[in-house]
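Chains as they are written, first to last, in the working numbering: chain A, 9 to 543; chain B, 506 to 797. Cβ atoms here follow ideal geometry from the backbone N, Cα and C, with glycine treated the same way. Below: the structure, in structure tokens.
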């Protein structure tokens, strides 16, 4: 009896406190008893403090610029934050692990309580705090006098709320689409378009390097000033009645978005999952299984190809690598040719794309995830694991080699010396091999769960963000260092050296598989546990 | 089974010429045990943090039996089965399957066992047919053989119509059936199934039972964990009862039952039967009158 009534009468403040404690407990619960998770958490905490401090400092330093310019810069910064918060969660960075609202569906919560609670859990976390700290740098950078500071504080809080609410609105509104498998696959690919679009200003800025920066900033700020985030920033600089009107408008937008979010939330909670209503059959005679000798190796290669085609996670990684390569080629083609030597143009995008593509394999078992047991109950020797890695390497190489070749060709044509493509394609292929070798070792040393639901907005299962970060950055650094011996000499003009690149790359890949096989077989149960976390 | 033993004793006579008497006795008992036992664990132990999930389990399953592993939630059934099948590393204890040590001789063991683990973890983006083919090829079966066996399994399991659908779109029953097919594909000597009937509709369950009965009738061994006592009682000839990380009873079904129904025997063994008399009256006084 008592329980029922308490549930209904929970005040707003109590609701907020309750959800705050819930979120803190969830974060703490994810860390309990796992040293690697704790290390990862500390790691991201340190990163967060650094980002927050650096961001705050950068924002407050705009005070050194002319007042008009300072306001313009803050407007752009606020707008960038807003856009980042809007699309950021879709980009799967491990910044947000918000409570799944469907878990609250059965609790007798009023809309107001639900909204307050969800908002509280959304703002409780490291990265929301970082955002708050950085944006409050604008007060230090722009505000003047007590009234100015007061306006600044309100503006920063509104901007913060705007970011969070927009982010929630977008994810909740898309959650219907994100729940169905096909929708999830589509969104995953759609995200790439957003990434490409976000590169557009960068490209324009690169193209127009003759334009002066100031005019670009003024022009951009002139437009962005009318976005809600821009208005908030503008108000800090403007002060007075103008600021009050501006902030009132922003507050209205926040409330409006909030209302839309709650409406979307209520709808999302009672909308059925339609993911199983797609009876389309697949039947493919894989080329790999026809060309390769019958056996486990061919089975792995065929499976990998199917996964690239059918699993959005793998596809997104590959397409992102292609997109980044394309953006790089495109942007340097607009850059001054005089600044970069032809060798740079031909090699740099090729090597970067080779490294990015090959490091898709740096968590090779993550995509298999919980199904990896099927391998585990078969593999009886290190050779089996090595074989498995080799199959994955072949599949990835078949996809990556043409891409790297195309990027090299494009780069060398832009450089005006198509012949450069020959040595640097060799170098690119070598780097590919290096990346595969490094990836094989990283896969067995730092495996992590790759979430099946892309709307988990994380590249790793809760608590494994640190491991994922270490794994991907560690292998990026190791891959770069190991690539230098084949990249540098041709770059400095020793072209014949490039003939060594492919054997070197294959050697590193072989060594990586060797180590990966030996280490991986020894800790297969641990790898299985690491990639099978609930996500 | 008889000729297996005599064969073993014949071997031992040969060995006897070279070894001492006491060693010989140990050898005989070990060899005889291997002849008749499909699974034997000794002192199997696993701890997760503070919690002891499995605290010294001596699981024995005779060869050719249809064995049920029963116990309440959290008794350590899944943890035990994971360790027995080489998916989870035990903290202590040994596991032998057909006389081979699971952690020292993985090649021999893995060729002999088929596994359907808990949950429904499968390669989601393969179709049912592709899943079977991947599994078979990974085990080194010739492709043609794999295709033929897969086709027969799909037919028996009534999965022909869905064979080309992605596993991600399968229902629970279909997943269990395709999982069992994958586990049977290489004709293992011992089959380990963790909750094979959980969430499965009666029609699919019936198919699973038929396939499993046919399989054990040929002398192969099935070990499965379950909560459904009726099913265990109907299917199994050997039962191991687990409670709080220990085996509390183990043996032929009739011996464990000792005249009771298996359900009653189970409740008595795990200590749930005793408390039924008075304690229910103490709490929950507010429950059942929802006028407020």
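Going by beta carbon distance, what residues of the same chain come within less than 6 angstroms of residue 641 (chain B), once the five residues before and after it are set aside? Reading the second chain from its first residue, position 136 is the one you call residue 641 (chain B). Cβ neighbours of residue 641 (chain B) beyond the five flanking positions: 651, 690.
What did DSSP end up calling residue 553 (chain B) once you bin it into helix, strand or coil? Along the second chain, one-based indexing puts residue 553 (chain B) at 48. Correct three-state label for residue 553 (chain B): strand.
Cβ of residue 379 (chain A) less than 8 angstroms from any chain E Cβ? Of the protein chains in this structure, namely A and B, none is chain E.
To which residues of the same chain is residue 174 (chain A) closer than 8 angstroms at the C-beta, ignoring the five residues directly before and after it? Within the first chain, the letter at position 166 stands for residue 174 (chain A). The answer, listed in chain order, is 90, 93, 94, 265.
Compare the beta carbon distance of residue 159 (chain A) and residue 151 (chain A) with 8 angstroms and say whether it is the shorter of the two. On the first chain, residue 159 (chain A) is found 151 positions in, with the first residue counted as 1. On the first chain, residue 151 (chain A) is found 143 positions in, with the first residue counted as 1. Going by C-beta atoms, residue 159 (chain A) is nearer than 8 angstroms to residue 151 (chain A).
Does any CB atom of chain A fall closer than 8 angstroms to the CB of residue 629 (chain B)? Here residue 629 (chain B) refers to the residue found at position 124 of the second chain. For residue 629 (chain B), the answer is yes, since a Cβ of chain A falls inside 8 angstroms of its Cβ.
Count Cβ pairs between the segment 497-513 of chain A and the segment 552-565 of chain B that sit closer than 8 angstroms; are there 3 or more? no
Please report the straight-line C-alpha distance between residue 525 (chain A) and residue 82 (chain A), rounded to a whole angstrom. By 1-based counting over the first chain, the position of residue 525 (chain A) is 517. By 1-based counting over the first chain, the position of residue 82 (chain A) is 74. Each residue's alpha carbon lies about 52 angstroms from the other.
Using a Cβ-Cβ cut-off of 8 angstroms, state whether residue 539 (chain A) counts as contacting chain B. Sequence index remark: in the first chain, residue 539 (chain A) carries index 531 (1-based). No, no contact with chain B.
Same chain, Cβ closer than 8 angstroms to residue 63 (chain A), neighbours up to 5 away in sequence not counted: Looking up residue 63 (chain A) in the first chain gives position 55. Hits under 8 angstroms: 138, 141, 142, 145.
Decide yes or no for the touch test of the segment 591-610 of chain B against the segment 628-647 of chain B: beta carbon pairs closer than 8 angstroms, at least 3 of them. no
Contact set between the segment 70-100 of chain A and chain B, restricted to residues whose Cβ is under 8 angstroms from the partner: none
How would you label residue 766 (chain B), buried or exposed, when you count the other beta carbons within 10 angstroms and need 16 or more for buried? Within the second chain, residue 766 (chain B) is the residue found at index 261, counting from 1. Exposed, because fewer than 16 other Cβ atoms sit within 10 Å of the Cβ of residue 766 (chain B).
Could you tell me the distance, in whole angstroms, from the CA atom of residue 681 (chain B) to the CA atom of residue 704 (chain B)? Here the question's residue 681 (chain B) lines up with position 176 in the second chain. Here the question's residue 704 (chain B) lines up with position 199 in the second chain. Answer to the nearest angstrom: the Cα atoms are 9 angstroms apart.
DSSP state of residue 618 (chain B), grouped into three classes? For the purposes of this step, residue 618 (chain B) is identified with residue 113 of the second chain, where counting begins at 1. Correct three-state label for residue 618 (chain B): strand.
Which partner residues of residue 599 (chain B) appear in the DSSP bridge assignment? To locate residue 599 (chain B), count along the second chain from 1; it is residue 94. Paired residue(s): B:547.
List the residues that DSSP assigns as beta-bridge partners of residue 748 (chain B). Within the second chain, residue 748 (chain B) is the residue found at index 243, counting from 1. B:751.
For chain B, is any of its Cβ atoms less than 8 angstroms away from the one on residue 33 (chain A)? Position 25 of the first chain, counted from the first residue, corresponds to residue 33 (chain A). Chain B, which has no Cβ nearer than 8 angstroms to the Cβ of residue 33 (chain A), makes this no.
For a contact defined as C-beta to C-beta under 8 angstroms, what are the partners of residue 274 (chain A) on chain B? For the purposes of this step, residue 274 (chain A) is taken as the residue at position 266 of the first chain. Result: empty, since nearest Cβ-Cβ is about 26 angstroms, beyond 8 angstroms.
Of all the residues that make up the segment 315-328 of chain A, which are near chain B by a beta-carbon distance shorter than 8 angstroms? The residues in question are 315, 318, 319.
Contact check, residue 734 (chain B) vs residue 575 (chain B) under 8 angstroms by CB: the rounded distance? Here the question's residue 734 (chain B) lines up with position 229 in the second chain. Here the question's residue 575 (chain B) lines up with position 70 in the second chain. That belief holds up - the Cβ atoms of residue 734 (chain B) and residue 575 (chain B) are roughly 7 angstroms apart, short of 8 angstroms.
For residue 591 (chain B) and residue 528 (chain A), the rounded distance between their alpha carbons: As a working note, residue 528 (chain A) is residue 520 in the first chain. As a working note, residue 591 (chain B) is residue 86 in the second chain. Straight-line Cα distance between these residues: approximately 14 angstroms.
Chain B contacts from the segment 298-314 of chain A (Cβ-Cβ distance under 7 angstroms): Of all residues in the segment 298-314 of chain A, 302, 303, 304, 306, 307, 311, 314 have a Cβ within less than 7 angstroms of some Cβ in chain B.
Can you name the start and end residues of the beta strand (DSSP E) that residue 729 (chain B) belongs to? Working through the second chain from its first residue, we reach residue 729 (chain B) at position 224. Segment 726-731, the beta strand (DSSP E) holding residue 729 (chain B).
Does DSSP put residue 695 (chain B) in a helix, in a strand, or in coil? Reading the second chain from its first residue, position 190 is the one you call residue 695 (chain B). It is a strand residue.
Taking residue 769 (chain B) as the query, report the chain A residues whose CB atoms sit under 7 angstroms from its CB, ordered along the chain. Residue mapping note: residue 769 (chain B) aligns to position 264 of the second chain, counting from 1. Residues of chain A passing the Cβ test: none, with the nearest at roughly 35 angstroms.
For residue 38 (chain A), would you say it is in contact with chain B, using Cβ-to-Cβ distances shorter than 8 angstroms as the test? In the first chain, the residue the question calls residue 38 (chain A) occupies position 30. Answer no: the Cβ-Cβ gap between residue 38 (chain A) and chain B never drops below 8 angstroms.
May I ask you to verify whether the segment 413-426 of chain A touches the segment 477-488 of chain A, counting CB pairs closer than 8 angstroms and requiring at least 3? no
Using the beta-carbon of each residue, which ones in chain B are nearer than 9 angstroms to residue 336 (chain A)? On the first chain, position 328 is the one that residue 336 (chain A) refers to. None at all; the shortest Cβ gap to chain B is about 30 angstroms.
Chain A contact residues for residue 701 (chain B), given Cβ-Cβ distances below 7 angstroms: Locating residue 701 (chain B) in the second chain gives position 196, where the first residue counts as 1. Here the premise fails: no neighbours, minimum Cβ distance about 15 angstroms.
How do the segment 422-437 of chain A and the segment 356-363 of chain A stand: do at least 3 beta-carbon pairs fall below 8 angstroms, yes or no? yes
Please determine whether the Cβ atom of residue 715 (chain B) lies at a distance below 7 angstroms from any heavy atom of the ligand GDP. As presented, the structure is devoid of all ligands, the ligand GDP included, so that no description of it is given.
In chain order, what residues of the segment 506-534 of chain A put their CB closer than 8 angstroms to some CB of chain B? 533, 534
Would you please verify whether the beta carbon of residue 618 (chain B) is less than 8 angstroms from any beta carbon of chain A? In the second chain, the residue the question calls residue 618 (chain B) occupies position 113. Yes, its Cβ sits closer than 8 angstroms to a Cβ of chain A.
As assigned by DSSP and simplified to three states, the class of residue 652 (chain B): By 1-based counting over the second chain, the position of residue 652 (chain B) is 147. Residue 652 (chain B) falls in the helix class under three-state DSSP.
Per-residue DSSP class, three states only, for residue 571 (chain B): In the second chain, residue 571 (chain B) corresponds to position 66, counting from 1. The answer is strand: DSSP assigns residue 571 (chain B) an E or B state.
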